[in-house]
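One point on numbering: in my numbering, the residue at position 62 of the sequence shown is 88, and numbering is uninterrupted.
Glycine residues also receive a C-beta, built at the ideal position from the N, C-alpha and C atoms.
This structure is a prediction, so every number in the text was calculated from the model and none was measured.
A short write-up of the structure that comes next.
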Amino acid sequence: MSTSTGSRAAPRVLLDAAALTGCRRRVHLDHDPSASGAPRALPDPAIEQRRADAAAHRARIGELLAGTWGGDWASTWPGGATGPATAEGPAGVPVAAASDGEASGPPAGSRAARAARTAELVAAGTPLIWGAVLPLDDDRRGTAELLVRAPGGGYVPLLVVRRRITDPGEGARTTAVTDPWPQRARHDPDRKVRSQPRDLLALAQLTRLLEAAGWAPPEPAPRLGGVIGLDADVVVWHDLDTGHWPGGRSTLEEYDVRFADRAAVARSAAAGGPALAAPSRITECRRCPWWPTCEAALESADDVSLVAHGETARLLRSAGVATVAGLAGLDPADPPSELAAPLPGPPFGDLVALARARRHGLAVARRVPRVEVPRADVEVDVDMESFGESGAYLWGALLSLPGGARDGDPDPGYRAFATWDPLPTRDEGRSFGEFWTWLSGIRAAARASGRSFAAYCYNEQAENRWMLSSAHRFAGMPGVPTEAQVREFIEDPCWVDLYGVVSTWFLCAQGKGLKKIAPAAGFSWRDPEAGGENSMRWYRDAVALEGGEPDPAQRERLLGYNTDDVLATHALREWMSSDRVLEVPLVTELTDLPV
């Protein structure tokens with residue numbers, strides 16, 4: 027195929043800030059006309075729901091600021107709304123306001139109409155401009171939830187995101203969320219900044235757009251940007267000239283380098299030129315609509331990134347190891363001398379073993395002849411279900427008695443401790459208190475009868491986080507432990523993370539998630555759609571989060587899903603403790619397999 031564009035002008039590309047932190051190959055495919063018919067994944071309902079949740083969060087912040095600042099706040103949306111129209115009308119305003127139209131020009135609410143309205147509000151010196159659409163500049167475009175007028179003139183950008191932007195600590199520069207003026211920012215003794223590179227780069231893109239439009243604060247004013255996060259209690263202010271990036275680069279310097287690279291990729295793709303970005307598997311691939319296209323290309327090439335992801339794959343390719351077969355054929359004890367830097371991630375020997383396992387269709391391989399799993403006379407499998415950052419609505423527990431039942435023991439089996447009041451709710455504290463009281467009672471009874479006790483989960487981070495959070499948020503409610511009591515439990519050897527056990531004793535060629543490893547133990551979920559993302563959708567219906575009547579069938583579905591999760595950890599533990607695990611090849615045996 028010819029790559030010549032003749033005398034035609036190169037097509038224009040317009041990049042949002044999201045391109046700066048995402049995959050370079052995705053930038054290529056998004057702008058390559060020849061990829062228009064390539065396979066794509068179906069829309070992910072979970073992603074669509076997160077977008078809707080983020081829009082609702084932005085609307086709530088807009089309404090809060092509008093109510094606080096009155097005439098100093100103005101929106102580019104029709105009727106002074108805080109977001110786009112929905113089936114019920116525009117966000118934040120009555121339905122009637124949605125019909126307010128314009129006699130001529132672009133349709134109300136369109137990007138062009140909002141850009142024109144933004145320019146009008148800037149010219150008028152409006153202190154707070156909501157939903158700003160900035161003028162295009164070269165290959166970039168951008169919108170800001172809020173433009174804040176600076177004391178010496180010009181505007182600084184502010185983002186509203188639905189994720190946490192601070193952690194406990196000190197050092198962030200903040201203002202109250204209802205006081206979004208950068209000149210009032212102060213050192214925060216209770217918060218430190220949580221690293222969010224995408225927010226910094228988005229602020230940098232908006233800053234460059236403001237500069238190009240002549241709307242930025244005049245030099246030598248600092249280049250600042252603000253972010254309001256999920257907790258919506260403060261604005262965190264960032265100095266974009268500060269050297270937060272590798273090599274001491276400032277955010278603006280890092281942005282300029284990244285934007286130039288992504289713009290070059292997009293321009294070449296749009297013009298039918300050479301691809302400046304090749305497919306390579308990274309974490310982002312799991313949710314990318316282009317994954318079916320890239321996966322086919324990677325499988326066809328036997329690309330090494332199918333085993334060694336991200337930077338590890340890049341370093342291996344630079345050392346001449348471009349395929350899974352090539353990696354599988356290497357000596358596990360002898361990394362290529364051509365490697366430009368030490369490989370991140372798993373040890374080189376593990377990478378070779380994973381490549382060999384993949385070549386032979388093996389999901390898992392044992393590191394040791396006999397797998398060790400902590401066992402006890404009294405065992406409890408625990409699994410928690412949460413709804414985003416809103417709370418933990420369900421604690422499921424499976425009691426089993428490998429050491430035999432005694433008089434007074436409760437019946438083995440599954441128990442659910444749930445709240446079906448829509449989160450956030452104080453009733454979450456009640457359900458957690460009941461769970462903790464039951465678990466503590468089982469633990470204490472085992473100790474009192476001279477029996478050993480163990481509780482199990484799979485990847486303890488989520489359970490630990492929500493136990494500590496619940497103890498903090500619901501302190502003083504019946505049954506709710508202190509944070510110190512939760513920490514004592516977490517640090518006790520009786521709390522066993524089976525994810526850690528799997529990581530220690532197995533190599534997993536297809537991932538170490540519970541849904542990946544439990545089938546090796548012969549376990550399968552009853553619900554073919556079982557998964558954390560789908561459970562979010564089921565929960566919305568179960569509690570009628572968006573109106574209507576709660577759906578009892580979805581509650582039962584969630585309970586069944588949670589039941590299977592604890593049954594899965596139980597089955598995994600039983601398998602690892604049995605002779606059936608010996609059917610899994612040893613890593614050392616993989617070296618004897620032909621590649």
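Could you tell me the alpha carbon to alpha carbon distance between A345 and R491, rounded to whole angstroms?
A345 and R491 have their C-alpha atoms spaced approximately 41 Å apart.
Tell me whether the beta-carbon of I155 lies closer than 9 Å to the beta-carbon of T102.
yes
With burial defined as no fewer than 16 other Cβ atoms inside 10 Å of the residue's Cβ, what is the status of Q22: buried or exposed?
Past the boundaries of the shown model lies residue 22; the chain is included only from 27 to 621, so the question cannot be answered.
K9 lies in the alpha helix (DSSP H); which residues open and close that run?
Residue 9 is absent from the model: the chain starts at 27 and stops at 621.
Near D376, which residues of its chain fall below 7 Å by C-beta distance, leaving aside the five closest residues on each side in sequence?
L533
Contact between the segment 605–613 and the segment 381–394 is defined here as three or more beta-carbon pairs at a separation below 8 Å; is this criterion met?
Taking a cut-off of 8 Å for Cβ pairs, the segment 605–613 and the segment 381–394 touch, as three or more such pairs fall below it.
Give the range of the beta strand (DSSP E) segment to which I191 is assigned.
Unbroken run through I191: none, as it is neither H nor E.
Per the contact definition of three or more C-beta pairs closer than 8 Å, is the segment 346–358 in contact with the segment 319–333?
When C-beta atoms of the segment 319–333 are compared with those of the segment 346–358, three or more pairs fall below 8 Å, so the two segments count as touching.
What is the rounded straight-line gap between the Cα of S550 and the Cα of A594?
8 Å
Distance check for G505 and M493, CA to CA, integer angstroms please.
13 Å
Contact check, A556 vs D590 under 8 Å by CB: the rounded distance?
6 Å
Roughly how far, in whole angstroms, is the beta-carbon of G255 from the beta-carbon of T192, given that I think they are within contact range, below 8 Å?
G255 to T192, Cβ: 7 Å. Contact.
Do you know how far the Cα of L424 is from the Cα of R581?
Going by the C-alpha atoms only, they are around 18 Å apart.
Report the three-state DSSP secondary structure of T589 (helix, strand or coil).
helix
For V378 and A481, which I take to be in contact (beta-carbon distance under 8 Å), what is that distance rounded to the nearest angstrom?
That belief does not hold up - the Cβ atoms of V378 and A481 are roughly 36 Å apart, past 8 Å.
With H, G and I counted as helix, E and B as strand and the rest as coil, what does DSSP make of M503?
coil
I'd like to know whether the C-beta atoms of G252 and P206 end up nearer to each other than 9 Å.
yes
Classify Y281 as helix, strand or coil using the three-state DSSP reduction.
Helix at Y281.
So, is D267 buried or exposed, given that buried needs 16 or more other C-beta atoms within 10 angstroms?
exposed
So, for P361: in the same chain, excluding its five sequence neighbours on each side, which residues have a beta-carbon less than 6 Å away from its beta-carbon?
The beta carbon of P361 is closer than 6 Å to those of F374 in its chain, skipping five residues each way along the sequence.
Below 8 Å on the Cβ atoms is my contact criterion, and I expect V399 with M562 to pass it. Report the Cβ-Cβ distance as a whole number of Å.
The Cβ separation is near 31 Å, so there is no contact.
Is there contact here, the segment 456–467 with the segment 434–444, by at least three beta-carbon pairs under 8 Å?
yes
Nearest by alpha-carbon distance to W317: which of L571, A64 and P37 is it?
A64
So is A45 buried or exposed if we call it buried at 16+ other beta carbons inside 10 Å?
buried
Kindly indicate the opening and closing residues of the beta strand (DSSP E) around C534.
F532 to C534
Since A292 and A301 should fall inside the 8 Å C-beta cutoff, what is the C-beta to C-beta distance between them, to a whole number of angstroms?
In this structure, A292 and A301 do not form a Cβ contact; the two beta carbons are roughly 11 Å apart against a cut-off of 8 Å.
What is the C-beta distance between P370 and T319, in whole angstroms, given that I count them as a contact (C-beta under 8 Å)?
That belief does not hold up - the Cβ atoms of P370 and T319 are roughly 27 Å apart, past 8 Å.
Just mark T233 as buried or exposed, buried being the case when its beta carbon has 16 or more other beta carbons within 10 Å.
buried
Give the DSSP-derived three-state secondary structure of E411 in the structure shown.
strand
Is T204 helix, strand or coil by DSSP?
coil
D453 by DSSP, collapsed to three states: which one?
helix
Can we count A366 as close to the ligand SAM, meaning its CB is less than 8 Å from some heavy atom?
Although the ligand SAM was asked about, the structure shown includes no ligands whatsoever.
Cα separation between R477 and E517?
The alpha-carbon atoms of R477 and E517 are separated by roughly 20 Å.
Check whether the Cβ atoms of W241 and Y281 sit closer than 9 Å, and answer yes or no.
no
Which value, in whole angstroms, describes the spacing of the CA atoms of L420 and D257?
22 Å
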